[in-house]
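Novice: Take this structure, written in structure tokens, and hold onto it; I'll ask about it next.
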Amino acid sequence: MVQHIGSMHWKESMPITLSIKRLGLNLSVALAMLYIIIMLASLLLVGLLTTGSWQAAFLEIGWYTIVGFELGFVGVLIVGFAVAVVFMFVENLVHNLINDWSKTTMRSGQSDAVSTRSWQVRLLAVCLVFPALSLLVLRMLASVGAFGVAASTAEESMQDPSAQMQPVAMSPIINTAYREAEPSFTADGRTMYFNCNSSNICVSHLTGTWEDGNWSPPERLAAPISSEYEEVEPVINADGDKLYFTSIRPTGLLKGIPFLSPFMNVLRVANNLTTTRLGRSFFGGMGLPDVYVSYRVDGAWSEPQSINDTDGEPPINTSFADHCLFFSDDGNEAFWTSTRPGGFGDNDIWTARRVDGKWTDPENLGSNVNSPGSEHTSIPTPDGRSLYVTAVRDKGFGGDDIYITMRDSEGEWEALVNLGSLVNGKGDDRCPAWTPDLRIFLFDSVRSGGFGARDIWWVDYKDVLGYTLTAKTGVTLP
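Position one of the sequence shown corresponds to residue 2 (the numbering used here), numbered consecutively onward.
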């Protein structure tokens, strides 16, 4: 009799288990499709916007990305079945309360068996394998294409530096099919830190003259500077022992957990949208860029710290996007880009000053510089009288253009003036920089003659300065 009751109990509970299986599979399929769409869209969107080309975006796909993608997929399946278990428990509890448990059980079990050959199982198997395999194939194809682009562009990029007022691409040693941008120099102008391999920081040394373009092969900075996450916008001090850079690495409880890079892209897109439309960020601004500081001690770089946690540094980081930090020559004035509230929309330029050893509260640079569009990468000239800014304006030459603003007699910043066609073209032209001797003006650009993504270009600084002053006042400095 006891055995018979146990048998009946097993038969009655079995259909409920199968119901959970069927519902779990259906939920998992729906969540898996949504997961794949969101992850692939964010991965490719962030890659394209940051690198400037599809090829460079595909080159960004690494093992951390693929493994993280697959682990997230497994998590989606677990969530799907967990939701199914909770749903079925609640449903059966409700039916039990109205004394309809047995009928519900039999009804659920009539045609509820799920075969391993069901369309749900097959679709989940495809979802598990196909996206990751596609990412791997895209990465391999991009690598093959990168060699082709580099070979065809190498000769084209080695232009005659004496050509009158024409931008010159840095040599193929520096520029590749990846994104190269944001150069920064030590005091002698012969050591350059720059954004390389799309989302890393490299260092290279000039072994000859600038015009010869003889640079040592770039060396990627190792951990703890480099990680699986994006590290860009390096600013090295004159002595070469202090490095500021921007990163989207996770903090807090998520710090140090591997394979999170694809999810940081999702959070980045989501927080950018909520910042723009709602004026707020979520999850502490996770996925948005922050500024970090590292020191070179005994030949090795220290563990990067948030600039807010470093004594004597300006309070840059918030739960919004904060990046593109630059200092005045005396180190007492900081300029950076932020999407924090109180601006004019999207990225704005903000500033703070050090007075009696303490940094003032951040201030927006105002409507002469900022607009409802995007302004970033604000680098002051050594005399402190001018500020170069990357901005998007309706009457520009393309996407991002480089502008200049000057202080008036009362210290206020005047309206932005476009640098003109010497620097700006149809594509993105951004992130101005110069050598310490003020001889070479550099910027990154997506244009014909490059290697496909953002590349570093240069012109004589005197031509840039002379053009700007002529356009604004009709007077050219000697």
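Each residue gets a CB set at the ideal place from its N, CA and C atoms; glycine is no exception. The model shown is predicted, which means the values in this text are computed figures rather than measured ones.
Could you check the C-alpha separation between V418 and L35 for me, to the nearest Å?
Specialist: 45 Å
Novice: Kindly indicate the opening and closing residues of the beta strand (DSSP E) around N201.
Specialist: N201 to H206
Novice: Which runs of the beta strand (DSSP E), 3 residues or longer, sit entirely within the stretch 226-262?
Specialist: 232-237 and 243-248
Novice: Are the beta-carbon atoms of L326 and V236 separated by less than 8 Å?
Specialist: yes
Novice: Using the C-alpha atoms, what's the distance from G399 back to D429?
Specialist: Rounded to whole angstroms, the separation of the alpha carbons of G399 and D429 is 6 Å.
Novice: Buried or exposed, going by whether 16 or more other CB atoms sit within 10 Å of the CB of P342?
Specialist: exposed
Novice: Just to confirm my understanding: we take R221, look at its own chain, exclude 5 residues before and 5 after, and list those with CB closer than 8 Å. What are they?
Specialist: C197, N198, N201, I202, C203 and S227
Novice: Leaving out the 5 sequence neighbours to the left and right, which residues in its chain are closer than 6 Å to E229 when beta-carbon positions are compared?
Specialist: The beta carbon of E229 sits closer than 6 Å to those of Y65 and S262, all from its chain and outside the five residues before and after it, given in chain order.
Novice: Are the Cβ atoms of R180 and A301 separated by less than 8 Å?
Specialist: no
Novice: Measure the alpha-carbon distance for N371 versus I403 and round it to whole angstroms.
Specialist: 13 Å
Novice: On a CA-only basis, which of Y194, D189, R250 and S375 is nearest T277? Give me that one, please.
Specialist: Considering only alpha carbons, the answer is S375.
Novice: Just to confirm, is the Cβ distance from A454 to T192 under 8 Å?
Specialist: no
Novice: On a Cα-Cα basis, can you pick out the residue from L388, R394 and T208 that is closest to N414?
Specialist: Checking the sequence shown, residue 414 turns out to be Trp, not Asn. In this structure, L388 is the residue among L388, R394 and T208 with its C-alpha nearest to the C-alpha of W414.
Novice: Helix or strand or just coil, what does DSSP make of W414?
Specialist: strand
Novice: Quick check on DSSP: helix, strand or coil for M407?
Specialist: strand
Novice: Expressed to the nearest angstrom, what Euclidean distance is found between the alpha-carbon atoms of S185 and I79?
Specialist: Going from the Cα of S185 to the Cα of I79 covers about 47 Å.
Novice: Within 10 angstroms of its Cβ, does V460 collect 16 or more other Cβ (buried), or is it exposed?
Specialist: buried
Novice: Of the choices E304, F131 and N369, whose alpha-carbon is the least far from that of A223?
Specialist: E304
Novice: Drop a sphere of 10 angstroms on the beta-carbon of D242, count the other beta-carbons inside from all chains shown, and report buried for 16 or more, exposed for fewer.
Specialist: So D242 counts as exposed.
Novice: Taking the beta strand (DSSP E) that T338 falls in, what are its first and last residues?
Specialist: E334 to S339
Novice: Going by DSSP, what residues sit across from E376 in a beta bridge?
Specialist: A392, per the DSSP bridge assignment.
Novice: In the structure shown, what three-state DSSP assignment does R140 receive?
Specialist: helix
Novice: Taking the DSSP output, what are the residues bridged to F186?
Specialist: M193
Novice: Is A164 helix, strand or coil when you go by DSSP?
Specialist: Low confidence applies here, because A164 scores a pLDDT of 45, under 50, leaving its location unreliable and the question unanswered by this model.
Novice: Name the two residues that bound the continuous beta strand (DSSP E) containing D349.
Specialist: D349 to V356
Novice: Tell me whether R221 sits in a helix, a strand or coil according to DSSP, three-state version.
Specialist: strand
Novice: Pull up the DSSP beta-bridge partners for N365, would you.
Specialist: W351
Novice: Sorted by chain position, which residues of the same chain lie with C-beta nearer than 8 Å to D409's C-beta, five sequence neighbours on each side aside?
Specialist: Setting aside the 5 residues that flank it on each side, D409 is surrounded in the same chain by E415, each with a C-beta closer than 8 Å to its C-beta; the list follows chain order.
Novice: Start and end of the beta strand (DSSP E) containing Y293?
Specialist: D291 to V298
Novice: Go ahead and label S205 buried or exposed: buried means 16 or more other beta carbons lie within 10 angstroms of its beta carbon, across all protein chains shown.
Specialist: buried
Novice: In whole angstroms, what separates the C-alpha of L28 from that of L72?
Specialist: 18 Å
Novice: Please report whether the beta-carbon of V87 lies at a distance below 8 Å from any beta-carbon of chain B.
Specialist: Absent here is chain B; the protein component of the structure consists of one chain.
Novice: Identify the continuous beta strand (DSSP E) that holds S442 and give its terminal residues.
Specialist: The sequence given here has Phe at residue 442, not Ser. Where F442 is concerned, the enclosing beta strand (DSSP E) stretches over I441 to S446.
Novice: Hey, would you say E364 sits closer than 8 Å to T382, going by beta carbons?
Specialist: no
Novice: Quick one: is V91 buried, meaning 16 or more other Cβ sit within 10 Å of its Cβ, or exposed?
Specialist: exposed
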